[in-house]
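Residue numbers (our numbering), protein chains in the order written: chain A, 1 to 190; chain B, 191 to 380; chain C, 381 to 570; chain D, 571 to 760.
Protein chains: 4
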Amino acid sequence: MPKIGMEPIRRNALVKATIAEIGEAGSLDVTVSQIARRAGMSSALAHHYFGGKDQIFLAAMRQILRDFGAEVREALAASAPEARAAAIIRASFDPSSFAPATISAWMTFYMMSQTNPEARRLLHIYQKRLRSNLTQALHPLTPDPGAVADTLAALIDGLYIRAALDFPDRPQVATEHALAVLEQLLGGRE
Amino acid sequence: MPKIGMEPIRRNALVKATIAEIGEAGSLDVTVSQIARRAGMSSALAHHYFGGKDQIFLAAMRQILRDFGAEVREALAASAPEARAAAIIRASFDPSSFAPATISAWMTFYMMSQTNPEARRLLHIYQKRLRSNLTQALHPLTPDPGAVADTLAALIDGLYIRAALDFPDRPQVATEHALAVLEQLLGGRE
Amino acid sequence: MPKIGMEPIRRNALVKATIAEIGEAGSLDVTVSQIARRAGMSSALAHHYFGGKDQIFLAAMRQILRDFGAEVREALAASAPEARAAAIIRASFDPSSFAPATISAWMTFYMMSQTNPEARRLLHIYQKRLRSNLTQALHPLTPDPGAVADTLAALIDGLYIRAALDFPDRPQVATEHALAVLEQLLGGRE
Amino acid sequence: MPKIGMEPIRRNALVKATIAEIGEAGSLDVTVSQIARRAGMSSALAHHYFGGKDQIFLAAMRQILRDFGAEVREALAASAPEARAAAIIRASFDPSSFAPATISAWMTFYMMSQTNPEARRLLHIYQKRLRSNLTQALHPLTPDPGAVADTLAALIDGLYIRAALDFPDRPQVATEHALAVLEQLLGGRE
DNA sequence: AATGAATGAGGATTCATTCAT
DNA sequence: GATGAATGAATCCTCATTCAT
Numbered sequence: 001m002p003k004i005g006m007e008p009i010r011r012n013a014l015v016k017a018t019i020a021e022i023g024e025a026g027s028l029d030v031t032v033s034q035i036a037r038r039a040g041m042s043s044a045l046a047h048h049y050f051g052g053k054d055q056i057f058l059a060a061m062r063q064i065l066r067d068f069g070a071e072v073r074e075a076l077a078a079s080a081p082e083a084r085a086a087a088i089i090r091a092s093f094d095p096s097s098f099a100p101a102t103i104s105a106w107m108t109f110y111m112m113s114q115t116n117p118e119a120r121r122l123l124h125i126y127q128k129r130l131r132s133n134l135t136q137a138l139h140p141l142t143p144d145p146g147a148v149a150d151t152l153a154a155l156i157d158g159l160y161i162r163a164a165l166d167f168p169d170r171p172q173v174a175t176e177h178a179l180a181v182l183e184q185l186l187g188g189r190e
Numbered sequence: 191m192p193k194i195g196m197e198p199i200r201r202n203a204l205v206k207a208t209i210a211e212i213g214e215a216g217s218l219d220v221t222v223s224q225i226a227r228r229a230g231m232s233s234a235l236a237h238h239y240f241g242g243k244d245q246i247f248l249a250a251m252r253q254i255l256r257d258f259g260a261e262v263r264e265a266l267a268a269s270a271p272e273a274r275a276a277a278i279i280r281a282s283f284d285p286s287s288f289a290p291a292t293i294s295a296w297m298t299f300y301m302m303s304q305t306n307p308e309a310r311r312l313l314h315i316y317q318k319r320l321r322s323n324l325t326q327a328l329h330p331l332t333p334d335p336g337a338v339a340d341t342l343a344a345l346i347d348g349l350y351i352r353a354a355l356d357f358p359d360r361p362q363v364a365t366e367h368a369l370a371v372l373e374q375l376l377g378g379r380e
Numbered sequence: 381m382p383k384i385g386m387e388p389i390r391r392n393a394l395v396k397a398t399i400a401e402i403g404e405a406g407s408l409d410v411t412v413s414q415i416a417r418r419a420g421m422s423s424a425l426a427h428h429y430f431g432g433k434d435q436i437f438l439a440a441m442r443q444i445l446r447d448f449g450a451e452v453r454e455a456l457a458a459s460a461p462e463a464r465a466a467a468i469i470r471a472s473f474d475p476s477s478f479a480p481a482t483i484s485a486w487m488t489f490y491m492m493s494q495t496n497p498e499a500r501r502l503l504h505i506y507q508k509r510l511r512s513n514l515t516q517a518l519h520p521l522t523p524d525p526g527a528v529a530d531t532l533a534a535l536i537d538g539l540y541i542r543a544a545l546d547f548p549d550r551p552q553v554a555t556e557h558a559l560a561v562l563e564q565l566l567g568g569r570e
Numbered sequence: 571m572p573k574i575g576m577e578p579i580r581r582n583a584l585v586k587a588t589i590a591e592i593g594e595a596g597s598l599d600v601t602v603s604q605i606a607r608r609a610g611m612s613s614a615l616a617h618h619y620f621g622g623k624d625q626i627f628l629a630a631m632r633q634i635l636r637d638f639g640a641e642v643r644e645a646l647a648a649s650a651p652e653a654r655a656a657a658i659i660r661a662s663f664d665p666s667s668f669a670p671a672t673i674s675a676w677m678t679f680y681m682m683s684q685t686n687p688e689a690r691r692l693l694h695i696y697q698k699r700l701r702s703n704l705t706q707a708l709h710p711l712t713p714d715p716g717a718v719a720d721t722l723a724a725l726i727d728g729l730y731i732r733a734a735l736d737f738p739d740r741p742q743v744a745t746e747h748a749l750a751v752l753e754q755l756l757g758g759r760e
């Protein structure tokens with residue numbers, strides 16, 4: 001007895017299942033059937049709702065990006081103006097970003113960006129937003145917030161990849177590292 | 191007309207073909223047959239020489255790493271002691287590192303590292319070597335070469351990914367950016 | 381036009397096709413595609429329903445064993461107590477057991493038993509059942525039904541293999557042979 | 571530096587290696603390369619000497635049959651006339667016949683007989699010889715040596731298969747069993 | 001809304017066999 | 001006599017995707 005208004009519930013379940021499944025597999029080598037089974041439905045229905053595997057994954061990635069965005073917004077709202085840049089850094093290395101599923105999703109996302117335009121578009125949006133957040137946060141702290149933001153953004157990405165791939169215990173080290181650099185970059189001014 | 195001593199030739203051809211094919215496809219979604227065809231042999235022979243697809247790719251990655259290592263060594267040899275850190279940075283953003291094939295190979299490599307132990311081992315070796323090179327180069331320039339090396343290494347990775355994925359024209363920007371940060375990090379001393 | 385409830389039909393068709401195909405080939409050197417084609421479906425569907433080639437074959441063997449078991453049961457039901465041992469012998473050499481497909485299946489089954497645990501399990505079950513049937517049938521006829529049953533069971537297997545491999549026309553000879561031995565073995569009592 | 575007169579040595583090594591390899595694999599699923607490697611030569615040479623995989627295996631089977639024939643001959647020569655039938659039975663269940671390699675070879679041999687004429691021919695020869703040996707041995711003991719020989723031959727095959735496939739420890743049981751039946755079959759006369 | 005049924009297309013891998021040296 | 005080189009052909013299996021119900 002098909003219910004009405006199931007669509008958002010189903011889509012949500014699929015997104016969650018996708019993230020979980022990718023996390024367990026460590027890569028995108030996950031079948032649509034596996035995802036659908038975990039989400040409690042047939043693979044046909046998954047296709048019905050999303051149109052194809054890529055789009056299922058993209059939806060999952062959008063979710064991850066959305067969650068991260070929310071985290072950043074919260075962190076910013078709770079911080080004094082001078083602490084906002086640090087807050088962004090802390091959010092970037094939040095343990096939730098180091099869940100195996102999230103790491104795998106990011107790697108897959110990077111790979112996909114090279115051939116899938118929609119993935120590339122998404123990635124650009126994310127990067128622009130991060131840069132904009134950083135620039136704004138740095139505004140009261142340095143005469144050239146854009147330059148510092150660029151450096152920090154790249155550093156965050158680099159530290160993330162290294163922390164993710166190398167040593168599962170390095171998120172904290174990465175945070176401290178980035179914070180130290182931030183200080184140093186700003187310190188040059190004083 | 192089978193000649194003797196073909197093995198190294200074939201292996202080499204396969205490695206080259208793998209890199210080229212990955213470059214065109216933008217991912218590891220390349221069949222062994224495609225690679226073998228481009229290398230001018232049957233897929234069976236490719237298997238015969240390497241044992242499997244993963245090992246073919248790993249051999250290709252080793253080649254890329256080897257090439258990069260050689261480039262760094264050359265750059266170091268040709269530089270005055272104070273210019274060595276800058277030389278490593280320049281080598282890291284050498285146009286050869288931004289060939290689509292190289293970028294795709296790196297992404298694939300990152301992905302593989304999450305599940306394939308041999309890939310992970312390779313990646314660690316590469317990272318250790320880069321850090322060691324940087325530390326040594328920074329020795330005459332700063333009292334804490336290790337810390338600066340860590341920052342630079344992460345920054346290089348971050349800038350590389352961003353340059354690779356975002357804007358195919360940004361290698362130069364990345365170089366300058368990294369060099370500027372280097373100066374700033376060292377400048378903290380003065 | 382996919383109907384619902386096809387599974388048992390498909391499985392059945394595959395089992396039949398497997399037996400037929402093995403019969404024609406004289407061995408398990410039959411591709412899943414051949415079997416599937418004969419069963420009127422794609423090889424992918426065959427895999428979907430059975431999971432793999434071995435399991436397809438095992439299902440076919442189970443069918444053969446089941447058919448044989450039914451035959452024995454019928455023969456036993458229709459026989460007077462003193463004639464039951466003879467009935468089992470007759471059933472064992474029924475022409476249906478000498479269909480090329482059945483012979484090939486048995487040979488394959490024997491081979492498989494050496495490496496495949498499930499096949500070995502099945503074989504043991506079959507042998508236990510045969511022995512139990514024989515023992516029960518011999519109960520009223522001899523003081524040591526177990527010993528006679530063992531001899532008869534081995535004799536039946538030996539005669540079967542010889543009849544199957546040697547002379548396609550020997551089933552009858554085998555039956556008579558086994559019946560004569562039965563008499564002799566029991567005659568020892570008198 | 572190719573030596574002269576290597577042919578018999580090579581052939582012998584290959585036959586031995588084939589038996590060993592089949593024994594380890596438990597089936598004919600052994601590659602020519604494996605066999606050749608174990609025999610210390612290239613697979614090409616194996617082909618050169620035997621022409622093909624089937625013929626390599628057939629040569630191995632001939633060896634097994636020859637060994638068994640020799641064993642029987644020896645046993646017969648060492649026995650008093652009344653003990654010859656028993657000697658054949660004992661030879662048939664000699665531990666050497668239950669080496670995994672031998673068992674697997676026999677199974678393979680049976681399978682092959684169904685499609686390979688040369689294998690079938692070989693099998694017939696073996697069976698005729700066994701029957702002839704048994705008949706001769708039974709001559710002084712029973713008025714119908716042919717009939718008893720047929721029964722014993724079938725029983726031996728049946729017990730062999732059962733002993734081989736079921737319980738690796740049953741050779742002795744099989745021997746005793748066959749000897750008991752022999753006695754009984756002859757006893758019917760007295 | 002939901003799914004069981006079904007498949008085409010492909011893909012890694014294996015192997016017996018051939019051949020030039 | 002001996003082999004490294006090479007491959008064609010095959011085979012199992014997987015999976016995203018479609019469709020009738």
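All C-beta atoms in this analysis are idealised placements derived from N, C-alpha and C, irrespective of residue type, glycine included.
Distance CB(residue i)-CB(residue j) smaller than 8 Å
i	j	result
ALA174 (chain A)	PHE93 (chain A)	yes
LEU700 (chain D)	ALA655 (chain D)	no
MET682 (chain D)	MET491 (chain C)	no
PRO330 (chain B)	GLU272 (chain B)	yes
ALA645 (chain D)	ALA661 (chain D)	yes
MET127 (chain A)	LEU375 (chain B)	The sequence given here places Gln at residue 127 (chain A); Met does not occur at that position. Not a contact, by the Cβ cut-off of 8 Å.
ILE161 (chain A)	ILE351 (chain B)	yes
CB-CB length for residue i against residue j, believed under 8 Å
i	j	result
GLY538 (chain C)	LEU752 (chain D)	That belief does not hold up - the Cβ atoms of GLY538 (chain C) and LEU752 (chain D) are roughly 14 Å apart, past 8 Å.
VAL222 (chain B)	SER233 (chain B)	5 Å
VAL262 (chain B)	ILE246 (chain B)	In fact, because the Cβ distance is near 25 Å, the residues do not count as touching under 8 Å.
Nearest neighbour of residue i, chosen from the options [CA to CA]
i	options	result
GLN63 (chain A)	A:THR115, A:LEU45, A:LEU122, A:ARG37	A:LEU122
ILE579 (chain D)	D:GLN604, D:GLY593, D:LEU615	D:LEU615
LYS586 (chain D)	D:PRO687, D:ALA630, D:MET681	D:ALA630
SER667 (chain D)	D:LEU755, D:GLY593, D:GLY575	D:GLY593
HIS237 (chain B)	B:ARG201, B:GLY259, B:ALA270	B:ARG201
GLY5 (chain A)	A:ILE161, A:ARG90, A:TYR49, A:LEU186	A:TYR49
THR721 (chain D)	C:PRO525, C:LEU521, C:ALA543, C:PRO523	C:ALA543
VAL718 (chain D)	D:GLU591, D:GLU577, D:GLY757	D:GLY757
PHE258 (chain B)	B:GLY242, B:ALA289, B:ARG228	B:ALA289
ALA343 (chain B)	B:SER322, B:ASP356, B:PRO333	B:SER322
Exposed unless 16 or more other CB atoms sit within 10 angstroms - verdict on residue i
i	result
ARG636 (chain D)	exposed
ALA517 (chain C)	buried
GLU366 (chain B)	exposed
ALA460 (chain C)	exposed
GLU7 (chain A)	exposed
ALA178 (chain A)	buried
ALA450 (chain C)	exposed
LEU545 (chain C)	buried
8 Å Cβ shell around residue i - same chain, five flanking residues per side excluded
i	result
SER27 (chain A)	SER104, MET107, THR108
ILE209 (chain B)	ALA250, GLN253, ILE254, ALA291, THR292, ALA295
PRO95 (chain A)	PRO171
Spatial neighbours of residue i in its chain, beta-carbon cut-off 7 Å, leaving aside the 5 residues before and after
i	result
GLY230 (chain B)	ALA203
GLU118 (chain A)	LEU58
ASP434 (chain C)	ASN496
GLU21 (chain A)	VAL30, GLN34, ILE35, ARG38
Heavy atom of the ligand SAH within 7 Å of residue i beta-carbon
i	result
ASP409 (chain C)	Among the components modelled here there is no ligand, and therefore nothing to report on the ligand SAH.
Sequence-distant residues of its chain with Cβ nearer than 6 Å to residue i (five each side left out)
i	result
ARG500 (chain C)	SER493
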